[in-house]
Every structure is written in structure tokens, then in C-alpha cells.
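A.B. asks: My questions will all concern the structure given below.
There are 2 protein chains.
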Amino acid sequence: MALNNSCATPSSSCPPGGESNHVPLSPTSFLERAVRVHPDRPAVVEGDVTLTYQAFYRRSLKLGGALQTLGVAPGDVVSTLGMNSRAMLEAHYGVPMAGGILNAINARLDGASIAFIMAHAETRVLIFDQSLRRTVARALSLLTSPAPVLIEIDEGSDDAPAWEQPTLHDYESLVAAATACTPVPVGDERDCIALNYTSGTTGNPKGVIYSHRGAYLNALSNTLTLKMDERTVYLWTLPMFHCNGWTHTWAVTAAGGTHVCMRRVEPARVLEMIHTRGITHMAAAPIIMTMLLDRPEAATPLPHPVMLATGGAPPNATTIARMSALGFNVLHLYGMTETYGPSLVCQFQPEWSSLTPDARARLQIRQGVGTFAIERVALKDPVTHEDVPADGRSLGHLMLRGNTIMQGYIKNPDATRDVMGRGWLDTGDIAVMHEDGYIEIRDRAKDIIISGGESISSIEIEEIMMGHPAVREVAVIARPHDFWGETPHAFVVPISDTDRPSDAELLSWCREHMAHFKVPRHVTFQASLPRTSTGKLQKYALREHQKTQMATV
Amino acid sequence: MALNNSCATPSSSCPPGGESNHVPLSPTSFLERAVRVHPDRPAVVEGDVTLTYQAFYRRSLKLGGALQTLGVAPGDVVSTLGMNSRAMLEAHYGVPMAGGILNAINARLDGASIAFIMAHAETRVLIFDQSLRRTVARALSLLTSPAPVLIEIDEGSDDAPAWEQPTLHDYESLVAAATACTPVPVGDERDCIALNYTSGTTGNPKGVIYSHRGAYLNALSNTLTLKMDERTVYLWTLPMFHCNGWTHTWAVTAAGGTHVCMRRVEPARVLEMIHTRGITHMAAAPIIMTMLLDRPEAATPLPHPVMLATGGAPPNATTIARMSALGFNVLHLYGMTETYGPSLVCQFQPEWSSLTPDARARLQIRQGVGTFAIERVALKDPVTHEDVPADGRSLGHLMLRGNTIMQGYIKNPDATRDVMGRGWLDTGDIAVMHEDGYIEIRDRAKDIIISGGESISSIEIEEIMMGHPAVREVAVIARPHDFWGETPHAFVVPISDTDRPSDAELLSWCREHMAHFKVPRHVTFQASLPRTSTGKLQKYALREHQKTQMATV
Numbered sequence: 173m174a175l176n177n178s179c180a181t182p183s184s185s186c187p188p189g190g191e192s193n194h195v196p197l198s199p200t201s202f203l204e205r206a207v208r209v210h211p212d213r214p215a216v217v218e219g220d221v222t223l224t225y226q227a228f229y230r231r232s233l234k235l236g237g238a239l240q241t242l243g244v245a246p247g248d249v250v251s252t253l254g255m256n257s258r259a260m261l262e263a264h265y266g267v268p269m270a271g272g273i274l275n276a277i278n279a280r281l282d283g284a285s286i287a288f289i290m291a292h293a294e295t296r297v298l299i300f301d302q303s304l305r306r307t308v309a310r311a312l313s314l315l316t317s318p319a320p321v322l323i324e325i326d327e328g329s330d331d332a333p334a335w336e337q338p339t340l341h342d343y344e345s346l347v348a349a350a351t352a353c354t355p356v357p358v359g360d361e362r363d364c365i366a367l368n369y370t371s372g373t374t375g376n377p378k379g380v381i382y383s384h385r386g387a388y389l390n391a392l393s394n395t396l397t398l399k400m401d402e403r404t405v406y407l408w409t410l411p412m413f414h415c416n417g418w419t420h421t422w423a424v425t426a427a428g429g430t431h432v433c434m435r436r437v438e439p440a441r442v443l444e445m446i447h448t449r450g451i452t453h454m455a456a457a458p459i460i461m462t463m464l465l466d467r468p469e470a471a472t473p474l475p476h477p478v479m480l481a482t483g484g485a486p487p488n489a490t491t492i493a494r495m496s497a498l499g500f501n502v503l504h505l506y507g508m509t510e511t512y513g514p515s516l517v518c519q520f521q522p523e524w525s526s527l528t529p530d531a532r533a534r535l536q537i538r539q540g541v542g543t544f545a546i547e548r549v550a551l552k553d554p555v556t557h558e559d560v561p562a563d564g565r566s567l568g569h570l571m572l573r574g575n576t577i578m579q580g581y582i583k584n585p586d587a588t589r590d591v592m593g594r595g596w597l598d599t600g601d602i603a604v605m606h607e608d609g610y611i612e613i614r615d616r617a618k619d620i621i622i623s624g625g626e627s628i629s630s631i632e633i634e635e636i637m638m639g640h641p642a643v644r645e646v647a648v649i650a651r652p653h654d655f656w657g658e659t660p661h662a663f664v665v666p667i668s669d670t671d672r673p674s675d676a677e678l679l680s681w682c683r684e685h686m687a688h689f690k691v692p693r694h695v696t697f698q699a700s701l702p703r704t705s706t707g708k709l710q711k712y713a714l715r716e717h718q719k720t721q722m723a724t725v
Numbered sequence: 173m174a175l176n177n178s179c180a181t182p183s184s185s186c187p188p189g190g191e192s193n194h195v196p197l198s199p200t201s202f203l204e205r206a207v208r209v210h211p212d213r214p215a216v217v218e219g220d221v222t223l224t225y226q227a228f229y230r231r232s233l234k235l236g237g238a239l240q241t242l243g244v245a246p247g248d249v250v251s252t253l254g255m256n257s258r259a260m261l262e263a264h265y266g267v268p269m270a271g272g273i274l275n276a277i278n279a280r281l282d283g284a285s286i287a288f289i290m291a292h293a294e295t296r297v298l299i300f301d302q303s304l305r306r307t308v309a310r311a312l313s314l315l316t317s318p319a320p321v322l323i324e325i326d327e328g329s330d331d332a333p334a335w336e337q338p339t340l341h342d343y344e345s346l347v348a349a350a351t352a353c354t355p356v357p358v359g360d361e362r363d364c365i366a367l368n369y370t371s372g373t374t375g376n377p378k379g380v381i382y383s384h385r386g387a388y389l390n391a392l393s394n395t396l397t398l399k400m401d402e403r404t405v406y407l408w409t410l411p412m413f414h415c416n417g418w419t420h421t422w423a424v425t426a427a428g429g430t431h432v433c434m435r436r437v438e439p440a441r442v443l444e445m446i447h448t449r450g451i452t453h454m455a456a457a458p459i460i461m462t463m464l465l466d467r468p469e470a471a472t473p474l475p476h477p478v479m480l481a482t483g484g485a486p487p488n489a490t491t492i493a494r495m496s497a498l499g500f501n502v503l504h505l506y507g508m509t510e511t512y513g514p515s516l517v518c519q520f521q522p523e524w525s526s527l528t529p530d531a532r533a534r535l536q537i538r539q540g541v542g543t544f545a546i547e548r549v550a551l552k553d554p555v556t557h558e559d560v561p562a563d564g565r566s567l568g569h570l571m572l573r574g575n576t577i578m579q580g581y582i583k584n585p586d587a588t589r590d591v592m593g594r595g596w597l598d599t600g601d602i603a604v605m606h607e608d609g610y611i612e613i614r615d616r617a618k619d620i621i622i623s624g625g626e627s628i629s630s631i632e633i634e635e636i637m638m639g640h641p642a643v644r645e646v647a648v649i650a651r652p653h654d655f656w657g658e659t660p661h662a663f664v665v666p667i668s669d670t671d672r673p674s675d676a677e678l679l680s681w682c683r684e685h686m687a688h689f690k691v692p693r694h695v696t697f698q699a700s701l702p703r704t705s706t707g708k709l710q711k712y713a714l715r716e717h718q719k720t721q722m723a724t725v
């Protein structure tokens, strides 16, 4: 019986019924379902405003209608430049329902980078926060392509920068006056729903293509991974412009939960909202955990458990243990723009509950196993593509395969081929696989330190130095060395500036806890470490600093 | 920018990377993930035997290898005829991994029906329970197509029926001796993974085609709907041959939970296992709930909440309220073979917790809203295809659309066209939609009673009569009437046979609680109602009985 061949395509001799039984996967369907199942439940909370799912859906459709009136045709790009807000959430549904492609630009970028992205993405409409007027003006002045239609989000602050741009729509008035659109059907589920630009530490940012299918599957995978349901109250501490908020913009809606917006992450306010708003879930870079723990309010245990998904940079065990003691269930995720955000999860095994907090936290700093949506995870030799052993020691390139790997970099087939031309996405991260199958990232390929022919993981040194009671933060980079090639150089932020440890004291701690060849040869104390807006350590900035330092010595 | 068109197909000018970012969806991937994430957790429990995910995976691969050795080629059908067992679960993975199509036949069918199905499905291999030897022998004697290879599951009982079939493989020996197969890659995710025959109350059974994609999506939807995770311990009270156990055969594995097998549903044993095995989830037809409540052990509250998904027939409010009082969280699902099992769910709204148990149960008897996997639910006029109002009164045909609607009936394009040729699957069920969007089935199209031109829902009458304290079960059918056309006829099973209510008492109760034209004109008391093996009421049997009754009057 040749069932397989006869039913592979609906147009063939397969039994009729193609419209009934094939609907392209798209995360906009989560909102369609939520409005039917939970019409009166709170969908979005922003300050004193609460939108039910009915209202949220209606506003998203009206945004879609407004965009169509402004000329957005299927396949056109609508960019956003803003902090977390209900307008940003509405764009995650209204733009694709209008047939457009959502391009959420990092709101902390400078005008030149924004101009580059808008020209590259051929932005038709830009929706932006009023407080970013100056940045937008700068970007527009540098723009080499036709200027987009501008829609401004009034944040209700009195001190908006002066603005001489003549043609400008007010977001609220536009939505209020618009006619709801009829959602444009998704033609093929592999069509583009969103375009997210990488931070581009080397060269220009690259535009990562997300498909409707990938976004649907990654969102559903996140709903399961974070155990979200209709009782979920999700605090938006993670920027929505970061991989569409790791696709949580769609996942929370799939669960029928409530999005609670937060424009600026103020740690005291986060803790307060957990108490007063019944927050059950949040996501944040590890730096946010450190900020929360620094607050005096963090002495009070949480009134209920809060699931906190962290990622974007490796968290450390001490921080996780302290957060757990406070009442957070910390779930460590790993991902990148190219994987729709989360692609690995340090899945918490029920047995870990019986471990000591420290032992448990040491397991939790690992990046873990593939999420539901990722089909295959491998550690490979980048040249031979052979798997390295799962022995907790052998280093390999972390490679991924699955429906939640990007469609590619837009207008950049060479870069696409470089990272995924051989059947796997090469993440560029160097990792080991432990015997239990959990991955632990040792470094970015470019951050590994090669000393006397030995590979040294800068992250491993950082993790050990963080264990010293006087160390608050630490970053380790390679320092050129005539004899060894490279040696580790540690940049340390002490807990207290007045009572900081000596170099010798720190290095003696290191010698006790790691192989001697890994012990840093240099220590530099600093008041803080350079980080991106999303909490990623900027090691290249430390390298610049090191160069200057070495030149002046 | 024409992103959509350029990226619709991987072979076009789209950036390269097709292998990295497109993997056909298949529920076998849930086992691949579970074995990596939970290798040492219990996957399957059967009596005293516990298989870890590692062992379960290994055995499934070896079953696949054995089937290939026996000649199973991609697209070939492997039928099973057995009660819930680890072998049945292994078949749900081993058969598709060998490239085969799983056809789980209802183990309670007679030889003639089994012979029809095997001939129609062109069964290459039949895996069956030893206790069903006589039925299999009968089926083989009636078979008009080549006899399949036979694999027998030894259930460990001493009284296996005598058997003279010469060529026979023992399941355990076969798996033990086999070489693990290399899973056959899924070519297209819409290829067939399973073939499930309808019960066919009219005419021959029809073979419903499930795709890998549909099975993946419905399983994941069930994992979410039933809130399963790695702590889930799922008791198999639902037959796995019923829509692949409503796809829970795959959903529990997706969650990394534990399958606990049960060959025969003995109510006392079910309650005991909840206590001793830590059961957290189960699924069963409403009749099983009634059987559980009848046990003296049901006086003891459960030691922990158990999620019980029920469906296959409409449950009644009294039963749900009593089950809830005992500690079950009853979740009412609706579905049919054509929809991979569950397609509607009476999603429990958090606000319902504050209602009285009776008021809550009355909301829970409704079939509810579309599951995560169903894209559209509508109540339509079957001729004009126009939507009927959501007013809780207007009757319409329940129609569904989505990726979890069957690919069609195999070798039966006419029947396929009949039910899904107009862009929707017409379930044949008559329902109302309440103002909150929840569907409530009033009847099968053929079970509706037309009296004096008015449509009367037999289910509505049954629900009201169940509220009478002396009524244990009730079924209402149409009775031909010279003047009215039809009138309702109630078949009643009293709580106590010695103390049963009079006709007049029951009808007076009805007149108090329903419009007078709906009150049954006839009442027949019976010791039990005819039901199928899966708890579905057999109204056609009551109609036969009625005919005999009327003829003798």
C-alpha cells in the first residue's frame, strides 16, 4: 500500500479535504483562540490600564487596519523602536495580521545602526517611543532609503524631546480611528513573520528571518517549558525587541495568561509587582538577578514561587542559589537570535530538589538539553563534523537542527551558508556535553584562551572566581603573551570598593580551585563591567581597554 | 520587499539551510527527546516491570528492526489487536520508526469485523494478545486477503485458548533477538502514521488516516491541555486502540511522564493504584466514572488531585460533581476518530472554582472550545454553511477545521468528500453555542427528536432526568407517533431495582424541569443500558428493543 506517496500532497490522488485539514501554523492563531476561550480575562496590563483579550484582539486588528491604510502590503516591513509596552505587543499580532513583517529594533541602538537596519530591511512604517525622538531624528538624517511612515507612541511623559518632523501619526489616535482589518491568511507557514537583527559585534548587523511555523513551534515549546497556563501572570522584564521576547510575546497568549508590561526594569519595582500584581513568571538576563539580589527588599521571601527564565549570558551558581532561596524557580535557557531565542533548556530534574542548594545551582548553570522545538543537538568538530564524546571534557562546536532555526539571514546568502550550509546551525559556541547529556558552554569560539597549546575556558575561570566572597562580578579574556601565546586576564568588580581583596589573595584562591595553567596572570579591578542593553558582557570592550592599558604600561 | 515569495520554498532563492531548519513533525521525536532528557526516568510500568526511557526506546527500536526483518517496508500496515500493554506502547513508536503505519484494531471486535479491517488495510503483520487467539483464528478463517505475519503477546496467563496456527512469533523473543532499526526518516510530515477504523454503526468501518504532523500537534496540544510534565504518572484506563489513546500514547512521552499500563479496568484496582502508584492523570469514558463511584473505596478521598479527562460520550453533572468531591479534576473532552480524539475541551476557567459544585458541574458537561491544535470551530447550517447564533438555543452542525482533522478515509474518497468536502469537517453532531463561546452537543444528527415540528434534544432530557434522585442512568430516543411524528421515549436504569420511582413520579419531575412538549411520553425501566466497549451508548440497540416492544404491544 503506497499511502505515503498518495497523501503527501493535497493536490494529488489523496482524499479531498485540504482546506479542512491543513492550516498554516502561525502564532497569530494563539490570539484568535485566546479571544474565543478567554474573552474577558486580562490579556495586557500597562500601568493602570488593563486590556481584556477581547480588547487586545480588537486593538491589534485595528492596528492592522491602520497599517494597511498607511500602505502596508503583504511582505512589507514594519519596524518598531520602543521599550516594552502594549503597543509593542499589539504590533506582534497586528503587523502579521495585516500581512506585514515585524522588525523589532533594539531601542538602545544609536541612530546610525538604526538607519542601517531600516535601509537594509526596507522599513515601510516605523512605530517608536516618543522618548526616542532624538534617536529617530538622527537615524532619519542618516537614512539612505525612502523615509518610512512614522507612528509615535505617546508614553505620557511631560518631557518629550523637541521634534520638528512634520508628518507623524499618534499611535493611540491612529488605532482609535482605524477600521479592524480582516487578517491576511498566511500563504505558506514558512513565510517570514519577523525580522530580527543580530547585535553585530563584528561588522554590520544581520537580519534573521523567522517563519510563522518556527515562531508557532517555539512559542508553544516555551509555553510547555515554562509551564504557563491561564493563571500565568508574566512580567515583561525581558525586552520584547530581543528575539520577540524569546517568543514569549506569543507564548503567554497561547497559554491565555496575562502580559504585564514594564518599560524600565527597576529592581525594587519588580519585587513590588511580584507582591502586588501576583506575578508568576518572568524572564531576564543574569545581570537582572544580580540587581534584584542587591535590593534590601530582597531580604523578604517571595509570597509565592516565581518562575524566572534566565539566559542571554551564563548565570553563575551563587546567584542562582541565592535567587532560589528567595523563592524563584530559576530556569536557565540558552539561545541566540538565530534560534528564535531559547533552544536549550537546563531542564530541572525532580531529583535535583533533594540536593544541597549549591550542588543544585551548579547543575543549573549548565545550558542543558534541546527544547521541545529543537529536534537535534550535537557537539561537533567544526571541520570534520564528527561528534565529540559526552564526557564533560571534550570541547566541540554546539550545533543545532530543527524547525526553530532561522530561515536564514536576509539578503546575505554567504553568511547564511557559513553558519548553516552543512545541515546544522553552527552556533559558534564551544561546549562540553556531560554524561547526562546536558550541554555546558565553555566559551564563544572567539573567547576561548589558548595558553601553551591548552584551551582554557574563560567561563570556567569566571565561575570559580565568582565563588570568592569578595567578588561581585568577573570577566576573563585572553591577554597576548610572548611565551605562552595567551594567558588569562581577569577583570574583577569587588563587592565593596573600600574593602577589595589583593591580587595575591585572589590568585591564591584561584590556585586552590583550578589547574595552575588556568590561573589568570593579570587582575584588573573595575567599578563595573561593560554590558549590552540586554546584559551580555562586552568582552570586545575589555579587549580594547586591555590594549590601551598595555600600550601605556 | 517580496520576502514571502522568495522564502516559501527552500529550493527557491531562499537562503540555504533547508536541512538545518526544516524537520518533518512526527510524534516519534518525543521519544527521541525523552531518551536524551530523561534516560533513567520510568517510561512504562506494567505490573512489576518498569522500563526506563532508555529501555523503552531501545525496545521500540528493536521492535522496528524485527518488523523490518519480517518484511515490513515503508508504508506497510502493522495491525495490533490487544489491550493496554507495554507492547502496544512500543508499537506506537517501533512501527513508525520502521517506516510502517500503525493500525490499532479495537480488541473487542468480532472476527468478521477484524477480517474486514485487515483485508481493507492490507495488514502485513498482526501483533495480538494471546487471550484473543480464538478471535484471531476466526478472523483469519474469514480473511479474503493474504494472511499477515503473526506476532503473539504472551500475557502470562495460564489459560490461553488452544491454538493450531503453525507460524507464529512470540513478541518477547522476537524483540529480544532483534537488531535495533535505524529510524526511517519521515519524508513528508503529512504522510500517514496511523490508520484507525471507525466503529461503523452503519455499514462497514472506515479507515481514518492520521498524519505525522497531525499526531504531533494533537499530542502536544494534549500535553498542554492536561498540564502534563515530567512528574506525570498516567494510568492507562483508556484503550490505546481508541484513536491511539486520544494520542496520549505520544503526549505522555512528550512530557517525559510515566505510562502505567492496565489491561482490564477494574474500578477497585484503579482507586488502589491512585493511592499506591501516585497516579496523577487518567482518561476514561463517563461510564468508568460511574463504576468508580459505585465502589465502597470511593468513600475515601484521593490522597492527591488526579486529572481525569473524560469523553467519548456526554458525562452528566451529578457524576462530575461527585467525582470532584472525591478529588478528581474532571476535564471534559470531545472528539471523534476523525479528529485524532480530543478536538474540543471544556476548558476550566479559574473563576469556576468559586461556584457551587453543582453549578460548576453544569458548566463542565459542555463540550467546550477548540483545543490548541484545532484552528476553527463553528456551528453551521449543514446546507447553507451559515453560522448559527451563539445564543445557547440555536442548533447547528458542529464543524471543525485544523491540522488535527484526518487526512481522509482510506480508499473512500466519496465518504471523505461527504464529511469534509466543503472546507470543514462536519462532525454530524448537533450543538448549541453558549454566549461564552462554549459548545454544548445536543445530539447526534440522527438522534435528534422532531416532535410536532419542534427539535428536541434527547441529551437535554437525559441530563434533566439524571437529576432525579432515584435515577442512575437514562437514555432517550425518538418513538414514532401518528400525530406528533415523534415523541421522546426514556429508558431508565433506577438506582435501586426494589425501590424504583413510578412512571408518573418521573414524568411529573420532567414537567417541572422542562418544556412540556419535551416530556417523554413513554418510560421503560431496565437493569442496564447497552453500551459499546468504549462506553458509548448504543441508541440503535434501544431502537431495536423499542421496535420489538411496539410490535408485541
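Protein chains in written order, with my numbering: chain A, 173 to 725; chain B, 173 to 725. Idealized CB from N, CA, C, for every residue including glycine.
Taking the alpha-carbon positions, what's the A/GLY272 to A/LEU281 distance?
C.D. replies: Looking at the two C-alpha atoms, the distance is approximately 23 Å.
A.B. asks: Does any residue of chain B bring its CB to less than 9 Å from the CB of A/LEU197?
C.D. replies: Yes, A/LEU197 lies at the interface with chain B (some Cβ there is under 9 Å from its Cβ).
A.B. asks: Going by C-alpha to C-alpha distance, which of B/THR370, B/VAL424, B/GLY417, B/ILE365 sits closest to B/PRO268?
C.D. replies: When each option's Cα is compared against that of B/PRO268, the closest is B/ILE365.
A.B. asks: Give the secondary structure of B/ALA332 by DSSP, where H, G and I count as helix, E and B as strand, and everything else as coil.
C.D. replies: Residue state, collapsed to three classes: coil.
A.B. asks: Output yes or no for whether 9 Å exceeds the beta carbon distance between A/LEU516 and A/GLY542.
C.D. replies: Against a cut-off of 9 Å, the Cβ pair of A/GLY542 and A/LEU516 comes out as a contact.
A.B. asks: Run down chain A in chain order and give the residues with a C-beta less than 9 Å from the C-beta of B/ARG230.
C.D. replies: Going along chain A, no residue has its Cβ under 9 Å from B/ARG230, so there is no contact; the nearest lies around 16 Å.
A.B. asks: Please report the distance separating the alpha-carbon of B/THR511 from that of B/HIS504.
C.D. replies: For B/THR511 and B/HIS504, the distance between alpha carbons rounds to 16 Å.
A.B. asks: Just the chain A side, please: which residues come within less than 9 Å of B/ARG208 by C-beta, in chain order?
C.D. replies: Simply VAL541, GLY542, VAL549, GLY609.
A.B. asks: Based on Cα-Cα distance, which residue from A/HIS694, A/ALA687, A/SER680, A/TRP656 lies nearest to A/VAL664?
C.D. replies: Among A/HIS694, A/ALA687, A/SER680, A/TRP656, the Cα nearest to that of A/VAL664 belongs to A/HIS694.
A.B. asks: Report the three-state DSSP secondary structure of A/ASP342 (helix, strand or coil).
C.D. replies: Correct three-state label for A/ASP342: strand.
A.B. asks: Once you ignore the five residues that flank A/GLY624 on each side, which residues in its own chain have a CB closer than 6 Å to its CB?
C.D. replies: Excluding positions up to five away in sequence, the list reads TRP656.
A.B. asks: For A/LEU465 and A/MET495, which I take to be in contact (beta-carbon distance under 8 Å), what is that distance rounded to the nearest angstrom?
C.D. replies: About 7 Å separates the two Cβ atoms, so the contact holds.
A.B. asks: Along the chain, where does the alpha helix (DSSP H) containing B/SER393 start, and where does it finish?
C.D. replies: Note, B/SER393: alpha helix (DSSP H), 384-397.
A.B. asks: Using the Cα positions of A/LEU304 and A/GLY254, report the straight-line distance between them to the nearest angstrom.
C.D. replies: C-alpha separation (whole angstroms): 8 Å.
A.B. asks: Buried or exposed for A/PRO318, please, with buried defined as at least 16 other CB atoms from any protein chain shown within 10 angstroms of its CB.
C.D. replies: Classification for A/PRO318: exposed.
A.B. asks: May I have the straight-line CA-CA distance separating B/THR373 from B/LEU407, to the nearest angstrom?
C.D. replies: Unreliable placement is indicated for B/THR373, whose pLDDT of 49 sits below 50; the coordinate value is still reported in the next sentence. Distance between the alpha carbons of B/THR373 and B/LEU407 is about 29 Å.
A.B. asks: In angstroms, rounded to a whole number, what distance separates the CA positions of A/ALA291 and A/LEU315?
C.D. replies: Distance between the alpha carbons of A/ALA291 and A/LEU315: 7 Å.
A.B. asks: Would the beta-carbon of A/GLU635 fall within 9 Å of that of A/PRO529?
C.D. replies: In this structure, A/PRO529 does not lie closer than 9 Å to A/GLU635 by Cβ.
A.B. asks: Does the beta carbon of B/HIS194 sit closer than 9 Å to a beta carbon anywhere in chain A?
C.D. replies: Closer than 9 Å: yes.
A.B. asks: Can a CB atom of chain A be found closer than 9 Å to the CB of B/ASN368?
C.D. replies: Answer no: the Cβ-Cβ gap between B/ASN368 and chain A never drops below 9 Å.
A.B. asks: Which residues, in chain order, does the segment 494-509 of chain B contribute to contact with chain A at a C-beta distance below 7 Å?
C.D. replies: Those residues of the segment 494-509 of chain B that come within reach of chain A (Cβ to Cβ, closer than 7 Å) do not exist; the list is empty.
A.B. asks: Using 8 Å as the cut-off, can you tell me whether the segment 191-210 of chain A makes contact with the segment 220-228 of chain A, which would need three or more C-beta pairs spanning the two stretches below that distance?
C.D. replies: Contact between the segment 191-210 of chain A and the segment 220-228 of chain A is present, because at least three Cβ pairs lie under 8 Å.
A.B. asks: Would you mind telling me which residues of chain A sit closer than 8 Å to B/PRO561, beta carbon to beta carbon, in chain order?
C.D. replies: None at all; the shortest Cβ gap to chain A is about 15 Å.
A.B. asks: Assign A/GLU645 to one of three DSSP states: helix, strand, or coil.
C.D. replies: Residue state, collapsed to three classes: strand.
A.B. asks: What does the Cβ neighbour count give for A/LEU197, buried or exposed, with the cut at 16 atoms within 10 Å?
C.D. replies: With 16 or more Cβ atoms within 10 Å of its Cβ, A/LEU197 is classed as buried.
A.B. asks: Let me check understanding here. Comparing Cα to Cα, which of A/VAL437, A/ARG296, A/HIS688, A/ILE286 lies closest to A/ALA457?
C.D. replies: Closest by alpha carbon: A/VAL437.
A.B. asks: Between the alpha carbons of B/ALA647 and B/ALA662, how many angstroms are there, rounded?
C.D. replies: For B/ALA647 and B/ALA662, the distance between alpha carbons rounds to 6 Å.
A.B. asks: Quick check on B/TRP596: buried or exposed, where buried means 16 or more other Cβ atoms within 10 Å of its Cβ?
C.D. replies: Counting Cβ neighbours within 10 Å, B/TRP596 comes out buried, since at least 16 surround it.
A.B. asks: Between B/SER201 and chain A, is there a C-beta pair that is closer than 9 Å?
C.D. replies: Yes, because at least one Cβ of chain A sits closer than 9 Å to the Cβ of B/SER201.
A.B. asks: Interface residues of chain A around B/GLY595 at Cβ under 7 Å?
C.D. replies: The answer, in chain order, is GLU191, SER192.
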